[in-house]
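So the protein lines, in turn, are chains A and B. Per our numbering, residue 1 is the first one in the first sequence, and the count goes up by one each step. Per our numbering, residue 1001 is the first one in the second sequence, and the count goes up by one each step. Glycine is no exception: its CB is placed at the ideal position from the N, C-alpha and C atoms. Have a look at the structure below before the remarks.
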Amino acid sequence: MLERLTAEQVDTFIVELKFIAVITMTDGDYDYLIKLLALGDSGVGKTTFLYRYTDNKFNPKFITTVGIDFREKRVTGLLGLQYQAYTAANPNGTTAGKTFKVHLQLWDTAGQERFRSLTTAFFRDAMGFLLMFDLTSQQSFLNVRNWMSQLQANAYCENPDIVLVGNKADLADQREVQEKQAKELADKYGQVYFSHTGFRVIPYFETSAATGADVDKAVITLLDLVMKRMEQCVDKPPAEPANGNGATKLGDTQPTEKKCAC
Amino acid sequence: MDLSFLEVLERETVLEVLRRDKQLRIIEEDRIRRMKYELQELRRKGAKSYARQYGERTCARCQRPLGKFWNSGAVCRGCSHRICSKCRIGAVDWKCTVCHAYRDVKIRSGEWFLEEKAKKFPVTKDKYETVGEKLLKISNVLSHISVVPPTPPPHLDYNFLSRSGDLKNSRPFTKSMENLMVSFTSHIKKISTSQNDVREDLLSVDGGRKPARFKFSTQKSLSDTDINKSSTLFKVPSLPNLFKKSKDSDHEGSSTGAEEETSFSSEQSGGKRGSCSSISTDCSILDGLSVTGELELAVAYNPGSSCLDITVGACRALVCGDGKKKCRPFVKLHVLPDKSCKLKTSVKKNTTDPVFNEVLKFDIERHLLYGKRLQASVWHSGTLKRKVFLGEVLIPLDAWTSNNKDLQGFNWYPLCPKRPENSSGGAAEHDRVKHSSNNLGV
């Protein structure tokens, strides 16, 4: 492919290497497909946040998302659950052997009210959630409560994995929400709402899509929670979930391990 | 829930996103299929074959014999099979290799998530569908209606059928298609008990028409929904199903005639797409012929013409199909789970050791061989188009996805009795369900 390019094109090729890595990852060569979803009020920066995460770029223009969208990124994990960006130059991470590849599908939703029925429908197909608000907007922070109840109604289970993200941390002079407030809210949701299933932490991060601060960390933390969740789901005794919430039509979705094989 | 509340441009934008999502889903489904296939293979390796006694004290995974006192094995918590110490993974809370692989696949395929989701949102359909998938389908259906001409009125069909039909037989044809299907199955059931000549005649006439009609109805509805269809064609059984199925295959060959009968008739009511000649012959499996003999095959992939070349060499020591002295064998090839294309050799006369030396070609892209199996079945071509099943060989084709020189050249494969239909995988099942609903809907 390289031979066909002229010298100038090779320059752009190298600059656009990340982009090309995105294109070539349309194969099944990964170990996990993890679907995460960003939600929150309109204008809190969900799209720019994801753009920063996947492409490491910042677009200050506000372009409202129409309904839904998604971005993809492939990360490799070491056995100790540390992740690093998957690029064409470094396809297997630094150590060979004990790595695994995660294909992330990051759903971006419209914050606008008029798309609500569409976006909330997509909640149920996501494995983890980035609940975002704008640190410079008290209203977007107050609405976290509403988003939380939307999640409980529409997500795949009552207590999905969530990371609370306060975005636009770089705009320190316009800040309206204090770190302490947000942390308390995260703790409250971690304990009160999900007390019936045991204590579950909702991590909180202050990020900036403009500078890139803590963007990776927030996503990786969520990914980590989801990865732990899947281990738990598979290892828990299969008898327990069946009588939990009165779901009767489970039929063939139940693990058949314990059933008679005839 | 649909996209009708959006403006035209917005809808196009969202649909574009959903189409991208579909691309990813196709890749993912392919990955999962491969993964589950590997798991199935791992299970099959350990499956007790009919040649072995089930009660024998061997490790359920590696088949090594277990001692009474020393290396006596222990029961795996997952599958309750007795496992030798070498086939365990983990220390205290160990699992056998298969149970461990099963757990691993459940995580890596995202099956865990589907199970969790089903607890809150019970699935009513036979497969999981994401919201995006659903929306895309709905919009496809809507656009489909405006483009495709209406399906022809039923009388066309009737003319078509009665033109060549025999008056005596015309009664079932006037019935609606559903009834036809029902009567069809009931005929078959009757036949399996009393091999009445007249009925058999009726059956073959019946059957002879069915596929033609089938083509007729599907052609119309294929146009743009067939993208959806082709993706579901490659669906794999869900993990629990797979697990159950392979548990069944632990007891391969022990199935009784009665079991076969039930699986067979349900297959018919589903509207099988296979050849009709074999429909009438499937009955004769119930005669309880034992299967003996071997089949010589050479399988090679030709990248130049992107064909799977199968050379049918010969058979030896076949059982004589008719009970009389004359056996007229031929070999039929399918690439499972898609039963649509079928190739046959010529019929050899009066021999139980026929030599064919015929090359049959399947036109198939190499990467599509993943998860596919070659079914080579030997049949006796009897009188009145009656055919008797003499045995079959199933060969997983995954190995031919790469250039492997070791795999070329002839091999002798022992013939096996027919497996229950469901062992050919969920894809065929889906296929069937899809088609029957198509059929009844017209």
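1. Give the residues of chain B in contact with residue 68 (chain A), contact being defined as C-beta atoms less than 7 Å apart.
2. Enumerate in chain order the residues of its own chain whose CB-to-CB distance from residue 30 (chain A) is below 7 Å, with the five nearest sequence positions on each side excluded.
3. Measure from the alpha carbon of residue 118 (chain A) to the alpha carbon of each residue in B:1095, B:1344, B:1018, B:1068, then state which is nearest.
4. In chain B, which residues lie with their C-beta within 8 Å of the C-beta of residue 231 (chain A)?
5. Below 8 Å on the Cβ atoms is my guess for residue 1083 (chain B) versus residue 1101 (chain B); work out the distance and round it to an integer in Å.
6. Which term fits residue 1367 (chain B), buried or exposed, when burial requires 16 or more other beta carbons within 10 angstroms of its beta carbon?
7. So is residue 1383 (chain B) buried or exposed if we call it buried at 16+ other beta carbons inside 10 Å?
8. Give the DSSP bridge partners of residue 1065 (chain B), in chain order.
9. Taking the alpha carbon of residue 1119 (chain B) as the point to measure from, which residue in A:218, A:159, A:172, A:184 has its own alpha carbon closest?
10. Indicate whether residue 1344 (chain B) and residue 1362 (chain B) have their beta-carbon atoms separated by less than 7 Å.
11. For a contact meaning CB atoms closer than 9 Å, what does residue 122 (chain A) contact in chain B?
12. Since residue 1378 (chain B) and residue 1392 (chain B) are thought to touch, with beta carbons under 8 Å apart, how far apart are those beta carbons, to the nearest angstrom?
13. Run through the region 1311-1380 of chain B for me and flag every whole alpha helix (DSSP H) of 4 or more residues, listed as ranges in chain order.
14. Kindly list, in the order they appear in chain B, the residues whose Cβ is closer than 7 Å to that of residue 127 (chain A).
15. I'd like to know if residue 1022 (chain B) contacts chain A, where contact means its C-beta is closer than 7 Å to some C-beta of that chain.
16. Classify residue 1266 (chain B) as helix, strand or coil using the three-state DSSP reduction.
17. Taking only the alpha-carbon atoms, compute the straight-line gap between residue 165 (chain A) and residue 1023 (chain B) and give it to the nearest angstrom.
18. Can you round the beta-carbon distance between residue 1138 (chain B) and residue 1002 (chain B) to whole angstroms, since I take them to be within the 8 Å contact cut?
19. Could you spell out where the alpha helix (DSSP H) holding residue 1107 (chain B) opens and where it closes?
20. I'd like to know if residue 33 (chain A) contacts chain B, where contact means its C-beta is closer than 7 Å to some C-beta of that chain.
21. Using the Cα positions of residue 50 (chain A) and residue 1365 (chain B), report the straight-line distance between them to the nearest angstrom.
22. If residue 222 (chain A) and residue 163 (chain A) are in contact, beta carbons under 8 Å, what's the gap, nearest whole angstrom?
23. Spell out whether any CB of chain B is found under 7 Å from the CB atom of residue 28 (chain A).
24. Check whether the Cβ of residue 1103 (chain B) lies closer than 7 Å to any Cβ atom in chain A.
25. Taking all protein chains shown into account, do 16 or more other C-beta atoms lie within 10 angstroms of the C-beta of residue 1087 (chain B), making it buried, or fewer, making it exposed?
26. Rounded to whole angstroms, what's the CA-CA distance from residue 178 (chain A) to residue 234 (chain A)? Just pull it up for me.
27. Give me whichever residues DSSP pairs with residue 1074 (chain B) in a beta bridge.
28. What residues match up with residue 69 (chain A) in a beta bridge as DSSP calls it?
29. Is it buried or exposed, residue 1192 (chain B), if we count other Cβ atoms within 10 angstroms and call 16 or more buried?
30. Would you tell me roughly how many angstroms separate the C-alpha atoms of residue 1004 (chain B) and residue 1110 (chain B), rounded to the nearest one?
31. Just the C-alpha distance for residue 40 (chain A) and residue 99 (chain A), rounded to the nearest angstrom, thanks.
32. What does residue 1090 (chain B) reach in chain A if we use C-beta pairs closer than 9 Å?
33. Spell out the partners DSSP gives residue 1414 (chain B) in its beta bridges.
34. Is it buried or exposed for residue 1070 (chain B), if we count other Cβ within 10 angstroms and need 16 for buried?
35. Going by beta carbon distance, what residues of the same chain come within less than 7 Å of residue 1112 (chain B), once the five residues before and after it are set aside?
36. So is residue 137 (chain A) buried or exposed if we call it buried at 16+ other beta carbons inside 10 Å?
Quick answer:
1. In the first sequence, the residue the question calls residue 68 (chain A) occupies position 68. Under the 7 Å cutoff, chain B gives 1014, 1017.
2. Numbered from its first residue, the first sequence carries residue 30 (chain A) at position 30. Answer for residue 30 (chain A): 74, 101, 102, 103, listed in chain order.
3. Here the question's residue 118 (chain A) lines up with position 118 in the first sequence. Out of B:1095, B:1344, B:1018, B:1068, B:1018 has the C-alpha closest to the C-alpha of residue 118 (chain A).
4. As a working mapping, residue 231 (chain A) is identified with position 231 in the first sequence. Within 8 Å Cβ-Cβ: 1107.
5. For the purposes of this step, residue 1083 (chain B) is identified with residue 83 of the second sequence, where counting begins at 1. For the purposes of this step, residue 1101 (chain B) is identified with residue 101 of the second sequence, where counting begins at 1. That belief does not hold up - the Cβ atoms of residue 1083 (chain B) and residue 1101 (chain B) are roughly 13 Å apart, past 8 Å.
6. One-based indexing of the second sequence puts residue 1367 (chain B) at position 367. Counting Cβ neighbours within 10 Å, residue 1367 (chain B) comes out exposed, since fewer than 16 surround it.
7. Residue mapping note: residue 1383 (chain B) aligns to position 383 of the second sequence, counting from 1. It is exposed - the Cβ of residue 1383 (chain B) has fewer than 16 other Cβ atoms within 10 Å.
8. In the second sequence, the residue the question calls residue 1065 (chain B) occupies position 65. Per DSSP, B:1058.
9. Counting from one through the second sequence, the residue named residue 1119 (chain B) turns up at place 119. Nearest of A:218, A:159, A:172, A:184 to residue 1119 (chain B), Cα basis: A:159.
10. Position 344 of the second sequence, counted from the start, is the residue given in the question as residue 1344 (chain B). Position 362 of the second sequence, counted from the start, is the residue given in the question as residue 1362 (chain B). No; because the gap between Cβ atoms is not below 7 Å, this pair is not in contact.
11. Here residue 122 (chain A) corresponds to residue number 122 of the first sequence, with the count starting at 1. Per Cβ cutoff of 9 Å: 1130, 1131, 1132.
12. Along the second sequence, read from residue 1 onward, the residue named residue 1378 (chain B) stands at position 378. Along the second sequence, read from residue 1 onward, the residue named residue 1392 (chain B) stands at position 392. That pair is a contact at about 7 Å.
13. Listed in chain order, nothing qualifies, since the region 1311-1380 of chain B has no complete alpha helix (DSSP H) run of 4 or more residues.
14. Locating residue 127 (chain A) in the first sequence gives position 127, counting from the first residue. Those are 1113, listed as they occur along chain B.
15. In the second sequence, residue 1022 (chain B) corresponds to position 22, counting from 1. No, because no Cβ of chain A sits closer than 7 Å to the Cβ of residue 1022 (chain B).
16. Residue mapping note: residue 1266 (chain B) aligns to position 266 of the second sequence, counting from 1. For residue 1266 (chain B), the pLDDT reaches just 38, beneath the cut-off of 50, and the residue's location in the model is therefore unreliable, although a value from the coordinates is still provided. In the structure shown, residue 1266 (chain B) sits in a helix (DSSP, three-state: H, G or I).
17. Numbered from its first residue, the first sequence carries residue 165 (chain A) at position 165. Numbered from its first residue, the second sequence carries residue 1023 (chain B) at position 23. Rounded to the nearest angstrom, the two C-alpha atoms are 30 Å apart.
18. One-based indexing of the second sequence puts residue 1138 (chain B) at position 138. One-based indexing of the second sequence puts residue 1002 (chain B) at position 2. The Cβ separation is near 5 Å, so the contact holds.
19. Taking the first residue of the second sequence as position 1, residue 1107 (chain B) is located at position 107. Element bounds for residue 1107 (chain B): 1097-1108.
20. Position 33 of the first sequence holds residue 33 (chain A). So yes, residue 33 (chain A) belongs to the interface.
21. Position 50 of the first sequence holds residue 50 (chain A). Position 365 of the second sequence holds residue 1365 (chain B). Near 37 Å, if we compare the C-alpha coordinates of residue 1365 (chain B) and residue 50 (chain A).
22. Translated into the one-based positions of the first sequence, residue 222 (chain A) becomes position 222. Translated into the one-based positions of the first sequence, residue 163 (chain A) becomes position 163. Between residue 163 (chain A) and residue 222 (chain A) the Cβ distance is about 4 Å, and since that is below 8 Å, they are a contact.
23. Here residue 28 (chain A) is taken as the residue at index 28 of the first sequence, counted from 1. Taking Cβ atoms only, chain B reaches closer than 7 Å to residue 28 (chain A), which makes this a yes.
24. As a first step, residue 1103 (chain B) is located in the second sequence; it is residue number 103 there, counting from the start. For residue 1103 (chain B), the answer is yes, since a Cβ of chain A falls inside 7 Å of its Cβ.
25. Start at 1 with the first residue of the second sequence, and residue 1087 (chain B) comes out as number 87. Looking at its Cβ environment, which holds 16 or more other Cβ atoms inside 10 Å, residue 1087 (chain B) is buried.
26. Translated into the one-based positions of the first sequence, residue 178 (chain A) becomes position 178. Translated into the one-based positions of the first sequence, residue 234 (chain A) becomes position 234. The alpha-carbon atoms of residue 178 (chain A) and residue 234 (chain A) are separated by roughly 39 Å.
27. One-based indexing of the second sequence puts residue 1074 (chain B) at position 74. BP columns for residue 1074 (chain B) point to B:1083.
28. In the first sequence, the residue the question calls residue 69 (chain A) occupies position 69. For residue 69 (chain A), which the question treats as bridged, DSSP gives the partners A:108.
29. The sequence position of residue 1192 (chain B) within the second sequence is 192, counting from 1. Note that residue 1192 (chain B) scores 46 on pLDDT, short of 50, meaning its location in the model is unreliable; the coordinates nonetheless yield the value given after this. Buried.
30. Stepping through the second sequence from its first residue, residue 1004 (chain B) is reached at position 4. Stepping through the second sequence from its first residue, residue 1110 (chain B) is reached at position 110. Their backbone Cα atoms lie some 31 Å apart in a straight line.
31. Residue numbering aside, residue 40 (chain A) sits at position 40 when the first sequence is read from its first letter. Residue numbering aside, residue 99 (chain A) sits at position 99 when the first sequence is read from its first letter. So the alpha carbons of these two residues sit roughly 33 Å apart.
32. Residue 1090 (chain B) sits at position 90 when you count from the first residue of the second sequence. Chain A residues near residue 1090 (chain B): none, gap ~11 Å exceeds 9 Å.
33. For this step, residue 1414 (chain B) is matched to residue 414 along the second sequence. DSSP lists B:1294 as partners of residue 1414 (chain B).
34. Numbered from its first residue, the second sequence carries residue 1070 (chain B) at position 70. So residue 1070 (chain B) counts as exposed.
35. As a position in the second sequence, residue 1112 (chain B) is number 112, starting the count at 1. Counting only Cβ-Cβ distances below 7 Å, and skipping sequence neighbours, we find 1106.
36. Here the question's residue 137 (chain A) lines up with position 137 in the first sequence. With a threshold of 16 other beta carbon atoms within 10 Å, residue 137 (chain A) meets it and is buried.
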